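Following this note's numbering from start to finish, the sequence shown increments by one per residue and tops out at 463.
C-beta atoms are modelled at their ideal positions from N, C-alpha and C, and glycine is treated no differently.
No experiment lies behind these values; they were computed from the predicted model shown.
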Amino acid sequence: MMPLKSFVSALLFASLWACQTENKSEENQVETQAVEAIFPQGQKGSDAFFTGNAYNYGLVPMDSTYDMLIGNVYFEPGARSNWHTHPSGQILIITAGEGYHQLEGQPIEKLKKGSVVKCPPNVRHWHGASPNTGMQQMYVIPNTEKGIVDWMEAVSDAQYQDLN
Ligand code: MN
């Protein structure tokens, strides 16, 4: 029979191990949710325009004073937009997580918290999260009287993984 002292040690060890395992799984969960969300998650984007799960939350609607749109998109790990253009361009400000941005014909650019990106008018591009970490992306679309976005085909897995 196991001496009482050993039994208590084993029990203590088992409970410590259980706590550590629990903490570790919580950390992993935070990693895959892109930490530091500033805004509510918002509405899931259509499968017609996104691969994986992306969520849009409008911050500043266009009106008669402001010909612009400001909002936030949260991309889950692996999620990305389709190829698309903006008639008057777009500015992205990354507030958390890690992701990618690519103008057609150029290498994929890695994004992280603090990255600021300009998507020039009518240039085909896409943006999204990295495979293992989500991304919080604030966007500004100016001069919305010219239009907001023209959606095109999905970004293939081969294009998404072409990091060089
Ligand atoms: Mn865009």
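Buried or exposed, going by whether 16 or more other CB atoms sit within 10 Å of the CB of residue i?
i: P376; result: buried
i: H373; result: According to the sequence provided, residue 373 is Tyr. The question's His does not apply to it. Per the 10 Å Cβ criterion, buried.
i: S363; result: exposed
i: Y365; result: exposed
i: Q405; result: exposed
i: A428; result: buried
i: W421; result: Going by the sequence as given, residue 421 is Asn instead of Trp. So N421 ends up on the exposed side.
i: Q460; result: exposed
i: V454; result: buried
With a CB to CB cut of under 6 angstroms and the five nearest residues on each side skipped, what residues in its chain are close to residue i?
i: P441; result: M367, S387
i: I407; result: Y399, Q401, L462
i: G396; result: A333, T432, G433, M434, Q435
i: G341; result: Y354, N355, Y356
i: F348; result: N381, W450
i: E243; result: As shown, the chain starts at 300 and ends at 463. That puts residue 243 outside it, with no answer to give.
i: I390; result: K417, V439
i: G344; result: A353, N355
Who are the Cβ neighbours of residue i in its own chain at under 7 angstroms, not counting the five residues just before and after it?
i: P430; result: P376, G377
i: S414; result: I393
i: P419; result: G388
i: V448; result: H383, H385
i: P339; result: Y356
i: T350; result: A378, R379, A453, V454
i: G370; result: N355, Y356, G357, L358, Y438
So, at 8 angstroms on beta carbons, what are the nonlocal neighbours of residue i in its own chain, with the 5 sequence-adjacent residues on each side left out?
i: G446; result: H385, P386, S387
i: M361; result: M367, L368, T443
i: E452; result: N381, W382
i: H424; result: W382, H383, T384, H400, Q401, L402, E403, C418
Can you list the alpha helix (DSSP H) stretches of 4 or more residues lying completely in the segment 393-463, in chain order?
-> As for any alpha helix (DSSP H) of minimum length 4 sitting wholly inside the segment 393-463, the runs are 456-459, ordered along the chain.
What are the uninterrupted segments assigned as alpha helix (DSSP H) that are 4 or more residues long and contained completely in the segment 344-376, given in chain order?
-> If we require 4 residues or more, the segment 344-376 turns out to have no alpha helix (DSSP H) run fully inside it.
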